[in-house]
Amino acid sequence: MSGHDRRLTDDEAAATFEPASWDERYSGPEQVFSGNPNPQLVTEVTGLTPGTALDVGCGEGGDAIWLARRGWTVTGADFSANGLARAARRAEQAGVADRVDWWRIDARAFAAGGRTYDLVTSHYLHPPGGGMAEVTRRLAEAVAPGGHLLIVGHAPSEAFTHLTASHREAMFTAGQLLPALPEDFDVLVAEQRPRTLTRDGVTVDAHDSTLLARRAS
Numbered sequence: 001m002s003g004h005d006r007r008l009t010d011d012e013a014a015a016t017f018e019p020a021s022w023d024e025r026y027s028g029p030e031q032v033f034s035g036n037p038n039p040q041l042v043t044e045v046t047g048l049t050p051g052t053a054l055d056v057g058c059g060e061g062g063d064a065i066w067l068a069r070r071g072w073t074v075t076g077a078d079f080s081a082n083g084l085a086r087a088a089r090r091a092e093q094a095g096v097a098d099r100v101d102w103w104r105i106d107a108r109a110f111a112a113g114g115r116t117y118d119l120v121t122s123h124y125l126h127p128p129g130g131g132m133a134e135v136t137r138r139l140a141e142a143v144a145p146g147g148h149l150l151i152v153g154h155a156p157s158e159a160f161t162h163l164t165a166s167h168r169e170a171m172f173t174a175g176q177l178l179p180a181l182p183e184d185f186d187v188l189v190a191e192q193r194p195r196t197l198t199r200d201g202v203t204v205d206a207h208d209s210t211l212l213a214r215r216a217s
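Per UniProt numbering, the sequence shown starts with residue 1, numbered consecutively.
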C-alpha cells in the first residue's frame, strides 16, 4: 500500500498542520509545487498598482516572486524554515532577491505589529479546526488604508473525500470568512470559482474559495 492509499491516523493528520511536517516536505531535492503563480492571484492582482505586499503561507515563493517581477516590494511569510530557504534561493535565481524579504511566522499567531501593506494575500493556507476565519482577522489588520486583502483556499468538495476529516474541516467557503473582516472593508469578491486540479496524474474538478476585499482609504 502506498503512502497515498494509507489513511492517516488522527495524530499523523494533526502533525501535518505543524511546521515540522512542512520542513520535512521541503527537505528533499525536488521542488514540491510548480512555481507558477496561483491563478486567482493573477486574476485579481494584475490590474493593481504595485506597492508593498505580504504573502502569508508563501511556501517555496512562487507567488512572492511573481509579485516582485511585476514591481511589488514583497515580504514572503511562512512557518517552514526550509520553505523560506527554498523561496530565497528561487528569488535569487529569478533576479528579484532585492525586492523580496522573508519572515518566519506561524499565521495562527500572526500580529501586524503596526506594519501595513498595500496587498495582503494568502493562498491555500488551511489552519486546523476551521481556523481560517481567525487568520483572516489577523491578516486584515495588516492591510493599509486603500489596500487589498486576497484570500484563496480549497472549498469543501467531493474532490477531497480521500482526505482526513481534520483536513476537510480546515477547508472553507469565502462566505465563512466575511464575519472576520473589520467594518472598514468593502467586499469586492466572495465566491467559489471552478478550477481543474491534477492530483497523482488524475484530473479533478474543484473550487477555489476566493475573497477579495478593499480597506477604506
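All C-beta atoms, glycine included, are put in the ideal place defined by N, C-alpha and C.
With DSSP run on the structure shown, which of helix, strand or coil describes residue i?
i, result
"F160", "helix"
"G147", "strand"
"H154", "strand"
"E44", "helix"
"L119", "strand"
"P29", "coil"
"P19", "helix"
"L139", "helix"
"P128", "helix"
"A133", "helix"
"A111", "coil"
"G62", "helix"
"P39", "helix"
Tell me the rounded alpha-carbon separation between residue i and residue j.
i, j, result
"E191", "A107", "23 Å"
"T161", "H167", "10 Å"
"L177", "T210", "10 Å"
"A112", "D186", "20 Å"
"residue 219", "V135", "The chain is shown only over 1 to 217; residue 219 falls outside these bounds and no answer can be derived."
"E158", "R69", "36 Å"
"D63", "L125", "13 Å"
"V120", "V202", "32 Å"
"S80", "G47", "31 Å"
"T49", "T43", "14 Å"
"W102", "V204", "33 Å"
"A53", "G71", "10 Å"
"residue 226", "A133", "Coverage of the chain is limited to positions 1 through 217, which leaves residue 226 absent and any answer about it impossible."
"E169", "V45", "28 Å"
"V74", "P156", "30 Å"
"R214", "H148", "4 Å"
"D118", "T16", "31 Å"
"residue 219", "D55", "There is simply no residue 219 to check, as the chain begins at 1 and stops at 217 in what is shown."
"A144", "W22", "30 Å"
Just reading off the beta strand (DSSP E) that residue i is part of, what are its end residues?
i, result
"A85", "Run containing A85: none in the beta strand (DSSP E); it sits in the alpha helix (DSSP H), 81-94."
"H207", "202-215"
"R104", "100-104"
"A53", "52-56"
Can you tell me where the alpha helix (DSSP H) holding residue i begins and where it ends?
i, result
"R72", "For the record, residue 72 in the displayed sequence is Trp; it is not Arg. Unbroken run through W72: none, as it is neither H nor E."
"E169", "165-169"
If we count the other Cβ atoms within 10 Å of its Cβ and call it buried at 16 or more, is residue i buried or exposed?
i, result
"E24", "exposed"
"A216", "exposed"
"Q40", "buried"
"I65", "buried"
"R86", "buried"
"G95", "exposed"
"P37", "buried"
"A140", "buried"
"R115", "exposed"
"G76", "buried"
"G3", "Annotation note: pLDDT 36 at G3 (below 50); position unreliable, no value reported."
I'd like to know whether the C-beta of residue i is nearer than 9 Å to at least one C-beta of chain C.
i, result
"A81", "Annotation note: the requested chain C is absent from the structure, which comprises a single protein chain."
Taking only runs that begin and end inside the segment 176-203, name each unbroken beta strand (DSSP E) of 3 or more residues, in chain order. 185-199
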